[in-house]
Amino acid sequence: MSAVLIKNVGLMLSGDVAQPVLEADSVIVADGLIQEVGKGLSAPQGAAVIDAGGCALTPGLIDSHCHVVLGDWTPRQQMQNFLDSSLHGGVTTAISAGEVHLPGRPKDPLGAKCLAILAAKSWANLRPGGMKVLGGALILEKGLTEADIEECAQAGVKVVGEVGLGSVKDPDEAAEMVAWAKARGMTVMMHTGGTSIPGSSVVGPEQIIKVKPSVASHINGGPTAVSLEGAKAIIDQTDIAVEIVQCGNMLRATQVARYIDETKQWGRLIFGNDAPSGTGVVTLGILRNMALVASQGGVAPELCVCMATGNTAKLYGLNRGVIAPGKEADLVFMDTPMGSPGKDLLEALAEGDTPGISIIMVDGKVVAAKSRNTPPAVRQAKVL
Ligand SMILES: [Zn+2]
0 MSAVLIKNVG LMLSGDVAQP VLEADSVIVA DGLIQEVGKG LSAPQGAAVI
50 DAGGCALTPG LIDSHCHVVL GDWTPRQQMQ NFLDSSLHGG VTTAISAGEV
100 HLPGRPKDPL GAKCLAILAA KSWANLRPGG MKVLGGALIL EKGLTEADIE
150 ECAQAGVKVV GEVGLGSVKD PDEAAEMVAW AKARGMTVMM HTGGTSIPGS
200 SVVGPEQIIK VKPSVASHIN GGPTAVSLEG AKAIIDQTDI AVEIVQCGNM
250 LRATQVARYI DETKQWGRLI FGNDAPSGTG VVTLGILRNM ALVASQGGVA
300 PELCVCMATG NTAKLYGLNR GVIAPGKEAD LVFMDTPMGS PGKDLLEALA
350 EGDTPGISII MVDGKVVAAK SRNTPPAVRQ AKVL
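If you read the sequence shown in numbering that gives the first Met the number 0, its first letter stands for residue 0, the second for the next number, and so on.
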């Protein structure tokens, strides 16, 4: 059994909106899973010890909207190792929103199905820098049948990529396919905002309500947002998750966050990057969403951590994103960055500062001893 004791945690941020701050300073990890969370826990025999030095511990961040293709390469921006670099922004899980940037992407039903299955199987075997990628997001193309979707589900495809990116644009046609996918336990994303759907200039509340996806992707635009009234209609007239992305409209992001806060629906909001995209690759994007929503969106910083972790894990049925016994030990040691007026992680986020990260763990193993991308943290964790 490989065990790790994490001690001297200054702030234990659970990732669970029901109880975002835990009265605890230590965690015991065994065989990749969190075994115990408590105060003053002692090391099991033979355990490695990590001294958090008083910094905060959060679940590994989850990027709910990443346009991966195959391998750690993006044809959209011709960059290598962008996922490894995002890991150094605290992202230990990325979720594909559709492998739409594949050069020569097939748009027939067989090609769409094969691409989703290939990507799902490939990403199940590949962890860039240690990052887990939930890849293989089926793009809905005209002609896909219920049997095709069943075959995808049997082959391990768990996500339908952004509805609207493929040839299926008509809400009624999309709704039927989405129902087939949801009946097989798939989580369905739907592009929200500026794009062209026949008879309409944007994907607004009417289309979202009709199609019934699991999440209104980039409710703040990808990158052009629906109106604030449109965003509120989606929130009020559905019970689906809503997503704020870094590569979207910042005004709408903060307005949506304020509305979620006013209506106390913190469990519905999730954070993504929507990168690689025309905007680029933003390796600190999820941290920046946390800082934006905490400083400008009026949401308590500890709840912003949940939007980057536990909320997304719950939506996608992942056994991670929360610091609790039995969960996968994907963990990030963060603190206020040097020079911030914020005295700890929560104050730094409320100031709008990007946190500093030291250790990053996946399945209880240290995959980075110190982030190469964030500003340096004031308090840094060390492996003893
Ligand atoms: Zn989109």
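Just so you know, even glycine gets a beta-carbon here, dropped at the ideal spot from N, CA and C.
When you compare only the Cα positions, how much space is there between residue i and residue j?
i    : j    : result
S121 : D71  : 11 Å
S195 : V202 : Confidence is the limiting factor: at S195 the pLDDT is only 49, short of 50, which leaves the residue's position unreliable and the question unanswerable from this model.
A274 : N80  : 13 Å
A307 : D171 : 32 Å
L164 : G110 : 15 Å
G309 : V331 : 13 Å
Q18  : R104 : 43 Å
C113 : S95  : 16 Å
E205 : S226 : 13 Å
V167 : D235 : 26 Å
L125 : A224 : 33 Å
L383 : E35  : 20 Å
D30  : M337 : 34 Å
C151 : Q264 : 33 Å
Are residue i and residue j closer than 7 Å when you measure CB to CB?
i    : j    : result
G155 : A118 : no
E301 : V20  : yes
V214 : A180 : no
P108 : L143 : yes
N272 : Q245 : yes
V466 : I243 : Residue 466 is absent from the model: the chain starts at 0 and stops at 383.
A368 : A51  : no
T373 : S85  : no
F270 : N248 : no
Using a Cβ-Cβ cutoff of less than 8 Å, which residues in the same chain neighbour residue i once the five nearest sequence positions on both sides are dropped?
i    : result
D343 : G9, L10, A55, D334, T335
S276 : H66, R75, G221, P222, C246
Using a 10 Å radius around the Cβ and a threshold of 16 neighbouring Cβ atoms, would you call residue i buried or exposed?
i    : result
T191 : buried
D329 : buried
G135 : buried
S63  : buried
M360 : buried
T186 : buried
K38  : exposed
L291 : buried
T262 : exposed
Below 6 Å CB to CB, which residues in the same chain sit around residue i once its five sequence neighbours on both sides are set aside?
i    : result
A47  : V3
S370 : H87, I356
I148 : W179, A180
G297 : R257, D260
E145 : W179
A230 : I218, V255
Below 7 Å CB to CB, which residues in the same chain sit around residue i once its five sequence neighbours on both sides are set aside?
i    : result
S339 : A347, E350, D352
A312 : I61, R319, G320, V321
R267 : A240, V241, I259
A174 : K209, V210, K211
A293 : P300, C303, L348, A349
G14  : T57, P58, V304, C305, T308, G309, G320, V321, I322
Name, in chain order, the residues that DSSP records as bridge partners for residue i.
i    : result
W72  : Q79
V366 : Per DSSP, none; premise fails for V366.
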